[in-house]
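A.B. asks: Could you have a look at this structure, given as C-alpha cells, before my questions?
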Amino acid sequence: MSLWTDLVAEVIAVTNRPDLTAEIDLGLRQALRTAHKSAKFWRDLAVVPVTGLALDTLQQIPIAANLPQFRQAIYVKSNTNDKFYDPVDITDLVDSYGALKLNIYYGVGTTINIRSSAPEDAYEIAYYKYPIVSPKDSMDSWIATDYGDLLVALTGSLVLGMVGEQEIKATLDKFVAIGMQDLISDNLEIQGR
77 MSLWTDLVAE VIAVTNRPDL TAEIDLGLRQ ALRTAHKSAK FWRDLAVVPV TGLALDTLQQ
137 IPIAANLPQF RQAIYVKSNT NDKFYDPVDI TDLVDSYGAL KLNIYYGVGT TINIRSSAPE
197 DAYEIAYYKY PIVSPKDSMD SWIATDYGDL LVALTGSLVL GMVGEQEIKA TLDKFVAIGM
257 QDLISDNLEI QGR
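Heads up: take any position in the sequence shown, counting from 1, add 76, and you land on this note's numbering.
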C-alpha cells in the first residue's frame, strides 16, 4: 500500500465516511498544502543551480523548468561569485533617478527575472517547495511521512465540514491544533534549543 492509501484509510476510519472518497482525496491534497504552508520549514527548502544561460545582464528563468514545486524564493545569487541579488516588487524596478535598478530579481508570470550590473550566465536560487500531491502514487511530503496523524485529523475536519458534521469536526479541530503546534515547533529551525 502507498502512503496516500494508508492516509485515506485512516481518514475513512476516523470519519466513518467511506462514501466520501472524492471529498477525502480533495481534503487530503488541501491538508498537505495547508500543512506545508503553515510555516517556513527548513525541510521545504531547495537550492538549485541554474546554468547554461546566454551571458546577459537580464535573465528570465522559467520557474516550471528550473524550480520544481516552486512556492517562494529565498534568495538569488550569482553562481560565479558571492553577489546576492535583492528582491523587488514589479512596481519598484526604477530608482529615484528614473534609472532601472540593478542586481535585483522579481517575479513575472511564470518566470523569475534577474537584472544584473554585469553579464552573468549562472545563478543559484534557493526557494521553498510545495509537496507533490498529485498523482496520488507520486505523493512526496515529509509531513505526510512524519506527521500523518495531523493530516488525518485535518483531512477529516475538512471533509466533515463539507458535509455539515460540525460536532465531530470540532473534536478533530482540537487534534489539528495540537498537531500543527508539534509540526511547527519541531521543524522551524534545524538547531535545537
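All residues carry an ideal CB built from backbone N, CA and C; glycine is no exception.
Fair warning: this is a prediction, and the values are worked out from it, not measured in the lab.
Are V271 and L96 closer than 7 Å when you measure CB to CB?
C.D. replies: Because the chain here runs from 77 to 269, residue 271 falls outside it and cannot be looked at.
A.B. asks: Do you know offhand how far V239's Cα is from T127's?
C.D. replies: Along the sequence shown, read from residue 1 onward, the residue named residue 239 stands at position 163. Along the sequence shown, read from residue 1 onward, the residue named residue 127 stands at position 51. Taking the straight line from one Cα to the other gives about 50 Å.
A.B. asks: Under 7 Å, do N263 and F160 count as touching if we go by C-beta distance?
C.D. replies: Reading the sequence shown from its first residue, position 187 is the one you call residue 263. Reading the sequence shown from its first residue, position 84 is the one you call residue 160. In this structure, F160 does not lie closer than 7 Å to N263 by Cβ.
A.B. asks: Quick one: residues in its chain with C-beta nearer than 8 Å to the C-beta of L108, no 5 flanking neighbours on either side, listed in chain order?
C.D. replies: The residue labelled residue 108 in the question sits at position 32 within the sequence shown. The answer, listed in chain order, is P207, V209, M215, S217, I219, A220 and L227.
A.B. asks: Quick one: measure Cβ to Cβ for I166 and Y182, integer angstroms, because I've assumed they're closer than 8 Å.
C.D. replies: Within the sequence shown, numbered from 1, the residue matching residue 166 stands at position 90. Within the sequence shown, numbered from 1, the residue matching residue 182 stands at position 106. Going by Cβ atoms, the distance from I166 to Y182 rounds to 5 Å, so yes, they are a contact pair.
A.B. asks: Look up N189 in the DSSP assignment and give the residues it is bridged to.
C.D. replies: The residue you call residue 189 lines up with position 113 of the sequence shown. DSSP lists Q136 and Y182 as partners of N189.
A.B. asks: How many whole angstroms separate the CB atoms of A111 and L230, which I take to be in contact at a CB cut-off of 8 Å?
C.D. replies: Within the sequence shown, the letter at position 35 stands for residue 111. Within the sequence shown, the letter at position 154 stands for residue 230. That pair is a contact at about 7 Å.
A.B. asks: Hey, out of S233, P195 and Q148, whose CA is closest to L129's CA?
C.D. replies: Your numbering for residue 129 matches position 53 in the sequence shown. If we check each option's Cα against that of L129, P195 comes out closest.
A.B. asks: Going by C-alpha distance, which of E241, G174 and Y199 is nearest T156?
C.D. replies: For the purposes of this step, residue 156 is taken as the residue at position 80 of the sequence shown. Checked all of E241, G174 and Y199; the closest Cα to T156 is Y199.
A.B. asks: Just to confirm my understanding: we take V170, look at its own chain, exclude 5 residues before and 5 after, and list those with CB closer than 8 Å. What are they?
C.D. replies: Against the sequence shown, residue 170 aligns to sequence position 94. L176 and K177, listed in sequence order.
A.B. asks: When the Cα of R147 is compared with those of I190, K205 and S114, which residue comes out closest?
C.D. replies: What you label residue 147 is simply residue 71 of the sequence shown in a count that begins at 1. Measuring from the Cα of R147, the nearest candidate turns out to be K205.
A.B. asks: Over what stretch of residues does the alpha helix (DSSP H) that includes E99 continue unbroken?
C.D. replies: In the sequence shown, the residue the question calls residue 99 occupies position 23. From DSSP, the alpha helix (DSSP H) with E99 extends over T97 to K113.
A.B. asks: In terms of alpha-carbon separation, which member of Q145, I180 and Y203 lies closest to Q136?
C.D. replies: Counting from 1 along the sequence shown, the entry for residue 136 is found at position 60. Considering only alpha carbons, the answer is I180.
A.B. asks: Would you identify the three-state DSSP class for D216, choosing helix, strand or coil?
C.D. replies: The residue you call residue 216 lines up with position 140 of the sequence shown. Strand, per DSSP.
A.B. asks: Please classify V239: does DSSP put it in a helix, a strand, or coil?
C.D. replies: Here residue 239 refers to the residue found at position 163 when the sequence shown is read from its first residue. Three-state result, V239: coil.
A.B. asks: Using CA coordinates, which residue listed in G268, Q257, W80 and N142 is at the minimum distance from A122?
C.D. replies: Residue 122 sits at position 46 when you count from the first residue of the sequence shown. Looking at the Cα atoms, N142 is the closest of the given residues.
A.B. asks: Taking the C-alpha atoms as reference points, what is the distance between G237 and L259?
C.D. replies: Numbered from its first residue, the sequence shown carries residue 237 at position 161. Numbered from its first residue, the sequence shown carries residue 259 at position 183. The straight-line gap from Cα to Cα measures roughly 23 Å.
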